[in-house]
Structure formats: structure tokens, C-alpha cells
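First the structure, in the form of C-alpha cells, and then the observations on it.
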Amino acid sequence: MNVVLAGVAAGSAAGFLRRYEAIRDRLPGDPQPRARAAASLERHGLPQRSAEAWKYTDLRRLWEGRFGEADASFDASALLRRVLDRAGLAFDGEEALPRLVFVDGTLSAGLSRLPQGCDCSGFGGIDVDAPVAHPMMALNAMLARDGAVIRVPAGLDACGLLLVTLGTGTVGAHLHHRVVLEEGARLSLLEVASGEGDYLNEGVFAFEVGRGAHVSHVRLQQDAPGALSFSTVRAHLAERSAYDGFNLALGAALARHEVHATLAGPNAIVHVNGAQLLADSQVADLTSVIAHDAPGCNSRQTVKNVLTGRARGVFQGRIVVARVAQKTDGYQMNQALLLSEQAEIDTKPELEIYADDVKCSHGATAGALDEEQLFYMRSRGVPLVEARAILVRAFLDDALALVEDETARAVLDRAVAAWWEGRSA
Amino acid sequence: MSAFLSIAGLHASIDDNGTRKPILNGVDLDVPAGEVHAIMGPNGSGKSTLSYVLAGREDYEVTAGTALFKGEDLLAMEPDARAAAGVFLAFQAPVELPGVNNANFLRTAVNAVRRARGEAEMDSMQFLKAARAQARALSMPEDLLKRNVNVGFSGGEKKRNEVLQMALLGPSLAILDETDSGLDIDALRIVAEGVKALRSPSFSALVITHHQRLLDYLVPDRVHVMARGRILRSGGPELAHQLEAQGYAGFLAEAA
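Residue numbers (the numbering used here), protein chains in the order written: chain A, 1 to 425; chain B, 1 to 256.
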């Protein structure tokens, strides 16, 4: 069979492949999936915009492959302290959450505080059957040398766990996390990505959510202005389980958060919510592919974009309802507030439905702040800057309100307020 | 006559698909301190435009004339500065603010105005106490404070919410743009009581209305008849009764 390789650029992964050649002997775990990933990248390269899935997000800045190795002697404690402080989280003392801290792609045992109850064993490598057709998953499978491995035993509520990813300089970091929730287990994961420099922060999460288990995955992506930030989530959901995700994208020059969820058991629930607050020439992309493979499942997406300067927000949401997946309930809403003439939102919903008893809806809106509302508020004495802040916060409200974990919601609220203050200062 | 609000030769127009459409054609009006004045007139006479221009809405372009408030050039001030200076406009159609909590918004407004006036801000306990007392006085269900601003409010609830805002902001000039429209007789009395409670030698009101009823409660010092963007006739409260009995036709013919 002849495969037509549309939208790939030969040689675009060369920098990453050279790096792989240089370090392959030192990479942990089974070399076989890594070699498969390298072969795939060698053959296909990285996608360009003519590839449908990458139509709105230009990866050319990644092609350079200019990213290097970490400086192992770097002490990130001051950086971590600043990042936690900014998020309103305690660095030490009784209030500090259990946490796993990764610096430039490697776990920092000294800065981490291991949680009790759930098993956080060391990184063992890449799964033999790791998918490599997806460019980010391939890069990750080829180069990841560390990541969290979390297992929450049946029936346990592991409560909150903080996962911090710090990048520096021009380091290319690739983390491969694996989170397994056994039957009826619960975990609330708060991820904070930050750093300083023009680094690459690339991570893959593999969630295995057992029967009746519930995982909340709230991300604060506050990567440095020059950074490239990619996170790819794979979630496999068993009967009556739930993956409740929220991605707040504030940072990085170019960012993409991608969720591939498979609702494999009946009555499972997936939420892929988020907000993208972008300025200057930032680009952030939230892409999801939700596969309803069992009956009675529910998927929900509320994504809000606040865009200023020449920023561009991207939302791609694909829902695939298999023939067996009767009584599917799917909802997708993407809204954008455009605060400048040059800001842009690109929205692409795709519904692929093979079952006949299904409820699926999607919608998209884009607009500016309402002049009438602004005048009303100002006529009550509220200065323009404050009135705008209130309306922006109100616009985000029904998305942020979906974050159930109070600690996580407070962190996001604070980040949103600081972002706005930074814009209007 | 002390110059509290003094409008002279005010012309204003609105952009109507690229052409400038004049709406105010030389309004002259003085409202002394402590007085309640009513403006009556047929639809399209410019009454609401006058209220918007005084509150600082940007869609209208003032092409000539002046409006002085306590001796200051009102037209040069931003809308929020006008509010801080003591001007309050009760909207004919109050605007809904989804996602904005009514109590929080009120407190933000009250504190912004207090800040601008050099007064101490209210903390949330002080504010809630004051807001609840006012809401009770206006027979407003307390849960309206917890809801989003005007979202899902009935017409009467929206108007009461305007009066609640007015009471808490403590203006020295209130412009009521058809605050009585759509109110039943009980609500009308409550709203009128809310305005009467503010009456003092340093508070004036400009009441825009179609109906005599509100004026029965408020009893204006002066009544002005507005048509075609101008004040055609001014008089005492008896003028309102005359209008109620005879309609506008006679005045319009007289002015033509």
C-alpha cells in the first residue's frame, strides 16, 4: 500500500534525532519503543501546517531542534520558591502540598516531597506499545528519560498532589508520566509548568482510570515567554470513571495542550475544560480527541479564550461516537474575547457520530467587550480599567467555576488576576 | 438661582450609518440644588439622549453647548468621574452583567466612588449591612444581592436594583430615565419613596417620565416639556396635569 505523507517536512526532526543518537545508550528502559519512535520521526519528520491536525499551529520553531542538555549542577530551589510563591502555594511547612518537582526533564528528589499512600516509584522507561504515529508522542517516546509514575491503590483517596515542571535556559525537556488509578481510587493532580529561558517543555501523560475511579488534572501553564510548551494527555477511562481536566494556558511563545480520551467503559465522564489568556504574539492551542467507545458516557468541554495584542488562540475538538455508544452526551463550547484588532481565534469542532441515540452539541462565539456593559459600570463610578477587569473575569467565570478542587481553583484565580494586572499595568 | 446643574445651548448628534443625526437641538435647562425637576415629552423627543449625554455615553457627540455641574464642565469628564462627582443615571433599560455578582459589583462601585471622593472604603461586612438595609427598604428579596447583576431579574426588580444602587452611591444629582415605566402601582410607590428618602437641600433629581403617576408621589418643583430636542415650555407641577389632560399636541402646534 502506498501511504501519502501529506503535511510532513522531511528532515524537520533532524536536531532531535541527532540528540537521540548522542544519548540513546543512556536512556532508561526498553530501547525498542524508542527506536520505533526514532524511525517514525526519521521517516515522517515533524508536521507542517498542511497537516490537518496542525493547520493552525506552526511547529517550524521546533524544527530547529536547538534544544540542549540540562546543567545537572543547577540549583532550582530559588526558582521553585518563586514559582510556588507566585501561585500562592507554600514552599515548606505544614501547608506545603506533597509534590514531585522536575527540573529540566529530571526529577529533583531534593525539591520533591513524596506523597503518602500512593506509590510513586521511579521511572522505568517507555511502554512497549507506546503510540508513535503522533509527532509529540514520538518525540517523547524517543527522548523522555524521566517522569512520574503514580499508582493509587483501589479505594484510596490520595487527595492532592502537586506536579511542578521547571524549565531553564535552552534545555529540551521531555517527561513521560504515567498515572494509574485502581478501582474506586481518587487523585487530585495540580500541575504547574514554569521556568525561565527559551526552553522546550514537552510532556506526555498516560492516565489509566479504573472502574469508578476519579482523577482531577488541573494545569497552570505559566511557561516563560520564550519557551515552547507541549503537553499531550492520553486518558483511558473504565466504567463509571472520570477524568476531569482543566488547562489554563498563560505562558510560552507557542503552546499546545492535547487530550486524547477514550471512554472505554459505560457511564464514564471526561471533562476537557480550559482557558487560554494570551498577549503579544503568543499562540496557544487546545486540541482534543474524545472517543466515545461505550454507551452512556458523558463528555464536556468549556474553553474560554481572552486574546490581546497579536495573540492567537486555537481550539480543535473532535468527538467520535462509536456505533455501540448509545446515549452519549457530548457538549463542546469555545468562546473568545478579542481585546484587540489583531487577536485571532481559530476554532474547529468535528463531530463523527455512528450511533443513532446521541446528544451532541457544540458552539463557538467570538466578540469584543460589550460597550454597553462598560458604560453601565462606569456610570456607577467604576473606572474603565477595573470595569474591563470585571468583565474579563466574568467571561472566564463559568469555565473557572468548573474546577472543583478548591486549592487548584484558588491557584488559577490568582494566576488570572495577576495576568490581567500585568496586562493593564 | 444657584448654578447646580446648568445646561445651555446643548446640541448632540448620533452616528446613524455614517450620517450625523442631530437629536438635541439646543437644550437650555437649570436645576437648582435641592429641587426635583420633571422632563416630559413624546417618544423621540431626545429625553433619553439628554440623560445619556449628561452621564457621558460615548455614542453621542456633543456638537455645541455646555453642561456645568457644581460649576464644573461635566462634558469634559469621564463617565466614572461624573459618578464620583455625584451624578447618577438610573437606566431606562438596566444592563445585565452575566458572571458579575450583584453585591460584589455594588461594593466595587461604592468603594470606587468613595475612593474618588477621598472617603474611606467600606469592608464587606459594613457594606453588606448597608446593602441589606437598603434592599429591605425597597422590598427587594435579599437573594437579588447574591445573583448576577440584573440577570433574570423581572422588569420591576431591575428598576428597584437601580434605586438600590442610587441609594448606596449617594449621588447629589439623580437622573431617572423612565424609572417608572413597567412598574405596578406598589413598585412605583416604593421607587418613589427611595428617591424621596434622598431629598435634601444638596440633592437634586431630573425625572424623565411619560406619566403623571410618579409625579404624584415625587411632586416636582418644575416641569419641562421637551420635543424635537429642545425644552419647549417650563412651568410648575400644574403643567404636568395640563399635559395629562390635553396631551402634547397643543404644545407641539404652539412651538411649530
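Think of the CB as a built atom: it goes at the ideal place given N, C-alpha and C, for glycine as much as any other residue.
Query, Result
"So with Cβ pairs under 8 Å, would you call Q373 (chain A) a contact of chain B?", "yes"
"Does any CB atom of chain B fall closer than 8 Å to the CB of R386 (chain A)?", "The amino acid at residue 386 (chain A) is misidentified as Arg; the sequence shows Glu. Yes, E386 (chain A) counts as interfacial toward chain B."
"Using a Cβ-Cβ distance cut-off of 8 Å, determine whether A284 (chain A) contacts chain B.", "no"
"Quick one: which residues of the segment 60-80 of chain B get their C-beta closer than 9 Å to a C-beta of chain A? List them in chain order.", "E78, P79, D80"
"For chain A, check one thing: does any of its Cβ atoms lie closer than 8 Å to the Cβ of N17 (chain B)?", "no"
"Just the chain C side, please: which residues come within less than 8 Å of T108 (chain B) by C-beta, in chain order?", "Any reference to chain C falls outside this structure, whose protein chains are A and B."
"Kindly say whether N2 (chain A), judged by its beta-carbon, lies nearer than 8 Å to any beta-carbon of chain B.", "Note that N2 (chain A) has pLDDT 41, beneath the 50 cutoff, so the model's placement of it is unreliable and the number below is only indicative. Chain B, which has no Cβ nearer than 8 Å to the Cβ of N2 (chain A), makes this no."
"Using a C-beta cutoff of 8 Å, does A415 (chain A) count as contacting chain B?", "no"
"Three or more C-beta pairs closer than 8 Å, one from the segment 38-46 of chain B and one from the segment 167-174 of chain B: is that the case here?", "no"
"E406 (chain A) by DSSP, collapsed to three states: which one?", "helix"
"Less than 8 Å between CB atoms is the rule here; does A268 (chain A) satisfy it with respect to chain B?", "no"
"Just mark G141 (chain B) as buried or exposed, buried being the case when its beta carbon has 16 or more other beta carbons within 10 Å.", "First, the residue type needs correcting, since residue 141 (chain B) is Pro and not Gly in the sequence shown. P141 (chain B) is exposed by the Cβ-count criterion."
"Just list the residues that DSSP pairs S229 (chain A) with in beta bridges.", "A:N201, A:A255"
"Just how far apart, CA to CA, sit P115 (chain A) and C159 (chain A)?", "9 Å"
"Mind listing the chain A neighbours of V100 (chain B)? Cutoff is C-beta to C-beta under 7 Å, in chain order.", "I390, A394"
"Taking only beta-carbon atoms, is L206 (chain B) less than 8 Å away from chain A?", "no"
"Leaving out five residues before and five after A227 (chain A) in sequence, what residues of the same chain have Cβ atoms less than 8 Å from its Cβ?", "G167, G195, G197, D198, Y199, L200, N201, G251, A252, A253"
"Using a Cβ cut-off of 8 Å (strictly closer), state whether S379 (chain A) contacts chain B.", "yes"
"Going straight from the alpha carbon of S40 (chain A) to that of V95 (chain B), what length do you get?", "57 Å"
"Can at least three beta-carbon pairs, one atom from the segment 209-228 of chain A and one from the segment 399-409 of chain A, be found at a separation below 8 Å?", "yes"
"Helix, strand or coil, according to DSSP, for Q373 (chain A) in the structure here?", "helix"
"For T302 (chain A), is the classification buried or exposed, using 16 other Cβ atoms within 10 angstroms of its Cβ as the cut-off for buried?", "buried"
"Work out the CA separation of R310 (chain A) and N265 (chain B) for me, nearest whole Å.", "Any property of residue 265 (chain B) remains undetermined from this structure, which presents chain B solely from 1 to 256."
"Would you call M1 (chain B) buried or exposed, if buried means 16 or more other Cβ atoms sit within 10 Å of its Cβ?", "Any reading at M1 (chain B) is ruled out, since the residue's pLDDT is 45, under 50, leaving its predicted position unreliable."
"Flag F127 (chain B) as yes if its beta-carbon sits less than 8 Å from any beta-carbon of chain A, otherwise no.", "no"
"What does the Cβ neighbour count give for D280 (chain A), buried or exposed, with the cut at 16 atoms within 10 Å?", "exposed"
"Quick check: V180 (chain A) and F205 (chain A), are their CB atoms within less than 8 Å of each other?", "no"
"Please report the residue range of the beta strand (DSSP E) in which P28 (chain A) lies.", "Run containing P28 (chain A): none; DSSP gives neither H nor E here."
"Starting from T66 (chain B) and walking both ways along the beta strand (DSSP E), at which residues does that stretch end?", "60-69"
"Mind checking if R423 (chain A) is an interface residue toward chain B, Cβ cutoff 8 Å exclusive?", "no"
"According to DSSP, what are the bridge partners of T168 (chain A)?", "A:E196"
"Would you list, in chain order, the members of the segment 157-180 of chain B that have their beta-carbon closer than 7 Å to a beta-carbon of chain A?", "Q165, L169"
"Can you give me, in chain order, the residues of the segment 28-53 of chain B that have a beta carbon less than 9 Å from any beta carbon in chain A?", "Y52"
"On the criterion of 16 or more Cβ atoms from any shown chain inside 10 Å, does R467 (chain A) qualify as buried, or is it exposed?", "Residue coverage of chain A in this structure runs from 1 to 425, which leaves residue 467 (chain A) outside it and unanswerable."
"Please name the residue or residues paired with V87 (chain B) in a DSSP beta bridge.", "B:L173"
"Going by DSSP, what residue range makes up the beta strand (DSSP E) through P349 (chain A)?", "344-353"
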